[in-house]
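Q: FYI, the numbering used here numbers position 96 of the sequence shown as 160, with every residue one higher than the one before it. Idealized CB from N, CA, C, for every residue including glycine. Since the structure is predicted, the reported quantities are computational estimates derived from the model, not experimental observations. Structure provided below as structure tokens; questions to follow.
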Amino acid sequence: MNNNTSSVLAYTADELLNLAIMTKVPVLIVEGVDDIPIYERISMAASVNCDVYASETLAGGLEGCTGVINNIAEIRNISGNIPIENFVIGIIDRDVRFYRNEIPDDPAVFALDYYSIESHYISACSIEYLVPRFTKATKKLIKPETADNIYQSLCSGLSFLYYVSLEALRNACELDYVGEFGYSMSIKAILNKNLDKKLLEKQTILDVFAKSLGLSFSMDTLLKICKGKWIIEIYSDLLYEAIKNLPASCMDATIPQCQSCSNNEPNKCLYKKTSFVSADILMNQAYLNTDAASLNYIKDRIIQLGEAIQS
Numbered sequence: 065m066n067n068n069t070s071s072v073l074a075y076t077a078d079e080l081l082n083l084a085i086m087t088k089v090p091v092l093i094v095e096g097v098d099d100i101p102i103y104e105r106i107s108m109a110a111s112v113n114c115d116v117y118a119s120e121t122l123a124g125g126l127e128g129c130t131g132v133i134n135n136i137a138e139i140r141n142i143s144g145n146i147p148i149e150n151f152v153i154g155i156i157d158r159d160v161r162f163y164r165n166e167i168p169d170d171p172a173v174f175a176l177d178y179y180s181i182e183s184h185y186i187s188a189c190s191i192e193y194l195v196p197r198f199t200k201a202t203k204k205l206i207k208p209e210t211a212d213n214i215y216q217s218l219c220s221g222l223s224f225l226y227y228v229s230l231e232a233l234r235n236a237c238e239l240d241y242v243g244e245f246g247y248s249m250s251i252k253a254i255l256n257k258n259l260d261k262k263l264l265e266k267q268t269i270l271d272v273f274a275k276s277l278g279l280s281f282s283m284d285t286l287l288k289i290c291k292g293k294w295i296i297e298i299y300s301d302l303l304y305e306a307i308k309n310l311p312a313s314c315m316d317a318t319i320p321q322c323q324s325c326s327n328n329e330p331n332k333c334l335y336k337k338t339s340f341v342s343a344d345i346l347m348n349q350a351y352l353n354t355d356a357a358s359l360n361y362i363k364d365r366i367i368q369l370g371e372a373i374q375s
């Protein structure tokens, strides 16, 4: 919604709270319209009927994390003694606010464990979900251990993002720091300008910065400090290349071999990718997976909300 456009359809804070109370349908306020289908799917997977609103579509029209926080604050201000967290929660990205101690101390504000919702789809579970959808290899071939091996190979290709993320994080946290780039730049722009290469000379000072925040390299840390849109884009590129290489691995029997390759007929390999797959398609399809273990704590909070509103 355009911020300069008023709409009779835009709920005010008191209307949204009253709606949740009267209908006994919990409300989730999320950062943007792209988040709506993701959280609707997660809610359905948790068997909780929720109304999901992007903060920009509510009265005031402010998008993003600030919009969610402001909407919750407004609902809190008009609620009296009503425990609004039993009816409405605002879901915000962890992003840099966590490291700047800017996460509101409000039980109705639910901050993600990872940088953003996109970060939750970087996992072996995601590979186990995606590969059978874009090859003829079913889950009989793509077993958890196979998916995990593929994932571990992708992790090495993602590791460079650690120092890229530290540079952006320091740039966001220290006002007097002149960084090579910030979180606002796209990852492809950073790579095309070779800005990631400039960080080779800064690794020591970035390690000192990381230590000051209690950070050290791991995939868990990377998912917390790397911008979600950065890591999902690189992950999708790497996964696309990995899927293209699966038939060769099948023929070499370095992964569970399909019947065709075991009969020396590689042209019929079940791991061959479908013609319509691309890195962008993989990225968008990843968001359809509601069984990822990384989403369980979000489901738990939504289930808790659903139980509270019915009590």
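Could you name each continuous alpha helix (DSSP H) segment of 4 residues or more that falls completely within the stretch 91-121, going from the start of the chain to the end?
A: Fully enclosed alpha helix (DSSP H) runs of 4 or longer: 99-109.
Q: Kindly indicate which residue of Y215, S217, W294, K336 has the alpha-carbon position closest to the one of V228.
A: By 1-based counting over the sequence shown, the position of residue 228 is 164. Per the Cα distances, W294.
Q: From the DSSP secondary-structure annotation, give me the bridge partner or partners of A175.
A: Residue 175 sits at position 111 when you count from the first residue of the sequence shown. According to DSSP, which records beta bridges pairwise, A175 is partnered with I156.
Q: So, at 6 Å on beta carbons, what are the nonlocal neighbours of K200 in its own chain, with the 5 sequence-adjacent residues on each side left out?
A: Within the sequence shown, residue 200 is the residue found at index 136, counting from 1. Closer than 6 Å at Cβ, skipping near neighbours: L334.
Q: Assign T121 to one of two classes, buried (16 or more other C-beta atoms within 10 Å of its C-beta) or exposed (fewer than that).
A: Counting from one through the sequence shown, the residue named residue 121 turns up at place 57. Looking at its Cβ environment, which holds 16 or more other Cβ atoms inside 10 Å, T121 is buried.
Q: What residues in its chain sit with their C-beta under 8 Å from that of A211, if we drop five residues either side in the sequence?
A: By 1-based counting over the sequence shown, the position of residue 211 is 147. Taken in chain order, the residues that qualify are A188, C189, I191, E192, V195.
Q: Would you identify the three-state DSSP class for R164, choosing helix, strand or coil?
A: Numbered from 1 along the sequence shown, position 100 holds the residue referred to as residue 164. Three-state result, R164: coil.
Q: Once you ignore the five residues that flank I100 on each side, which residues in its own chain have a CB closer than 8 Å to its CB?
A: Residue numbering aside, residue 100 sits at position 36 when the sequence shown is read from its first letter. Excluding residues within five positions, the ones whose Cβ falls inside 8 Å are V94, V116, Y117, A118.
Q: So, L239 versus V160, is the Cβ gap smaller than 8 Å?
A: One-based indexing of the sequence shown puts residue 239 at position 175. One-based indexing of the sequence shown puts residue 160 at position 96. No, the Cβ-Cβ distance between L239 and V160 is not below 8 Å.
Q: P320 and L176 - do their beta-carbons sit closer together than 8 Å?
A: Position 112 of the sequence shown holds residue 176. Position 256 of the sequence shown holds residue 320. Cβ distance not < 8 Å, so L176 and P320 don't count as in contact.
Q: Could you check which residue in I106, N348, M108, G144 has the C-alpha nearest to that of L81?
A: By 1-based counting over the sequence shown, the position of residue 81 is 17. It is G144.
Q: State the start and end residues of the unbroken alpha helix (DSSP H) segment that holds T285.
A: Here residue 285 refers to the residue found at position 221 of the sequence shown. Residues 283-289.
Q: Let me know if V112 comes out buried or exposed under the rule of 16 or more other beta-carbons within 10 Å of its beta-carbon.
A: Indexing the sequence shown from 1 puts residue 112 at position 48. Counting Cβ neighbours within 10 Å, V112 comes out buried, since at least 16 surround it.
Q: In or out: F281 buried (at least 16 other Cβ within 10 Å) or exposed?
A: Your numbering for residue 281 matches position 217 in the sequence shown. By the neighbour-count rule (16 or more Cβ atoms within 10 Å), F281 is not buried but exposed.
Q: Please classify V376 as buried or exposed, where buried requires at least 16 other C-beta atoms within 10 Å of its C-beta.
A: With the chain running from 65 to 375 in the structure shown, residue 376 is simply not present.
Q: So, for R197: in the same chain, excluding its five sequence neighbours on each side, which residues have a beta-carbon less than 8 Å away from its beta-carbon?
A: Taking the first residue of the sequence shown as 1, we reach residue 197 at position 133. Excluding positions up to five away in sequence, the list reads Q349.
Q: Kindly indicate which residue of T202, I186, C237, I148 has the alpha-carbon position closest to the one of S217.
A: For this step, residue 217 is matched to residue 153 along the sequence shown. S217 has its Cα closest to that of I186, out of T202, I186, C237, I148.
Q: With a threshold of 8 Å, are at least 3 pairs of Cβ atoms found where one atom belongs to the stretch 337-346 and the other to the stretch 302-314?
A: Because the criterion of three Cβ pairs below 8 Å is met, the stretch 337-346 and the stretch 302-314 touch.
Q: Looking only at its own chain, which residues have a Cβ that is under 6 Å from the Cβ of K336, when we skip the five neighbours before and after it?
A: As a first step, residue 336 must be located in the sequence shown, where it is residue number 272. The residues are P311.
Q: Just to confirm my understanding: we take G243, look at its own chain, exclude 5 residues before and 5 after, and list those with CB closer than 6 Å. What are they?
A: Position 179 of the sequence shown, counting from 1, holds the residue named residue 243. Excluding positions up to five away in sequence, the list reads E231, N235.
Q: If Y163 sits next to C290, beta carbons under 8 Å apart, how far is it from one beta carbon to the other, in whole angstroms?
A: Along the sequence shown, read from residue 1 onward, the residue named residue 163 stands at position 99. Along the sequence shown, read from residue 1 onward, the residue named residue 290 stands at position 226. That pair is no contact at about 13 Å.
Q: Using a Cβ-Cβ cutoff of less than 8 Å, which residues in the same chain neighbour C129 once the five nearest sequence positions on both sides are dropped?
A: Here the question's residue 129 lines up with position 65 in the sequence shown. So the list reads E95, I156, D157, D159, R161, once near-sequence residues are dropped.
Q: Grouping DSSP H, G and I as helix and E and B as strand, with all else coil, what is Q349?
A: Here residue 349 corresponds to residue number 285 of the sequence shown, with the count starting at 1. Helix.
Q: On a Cα-Cα basis, can you pick out the residue from K88, N353, D98 that is closest to N150?
A: On the sequence shown, position 86 is the one that residue 150 refers to. When each option's Cα is compared against that of N150, the closest is K88.
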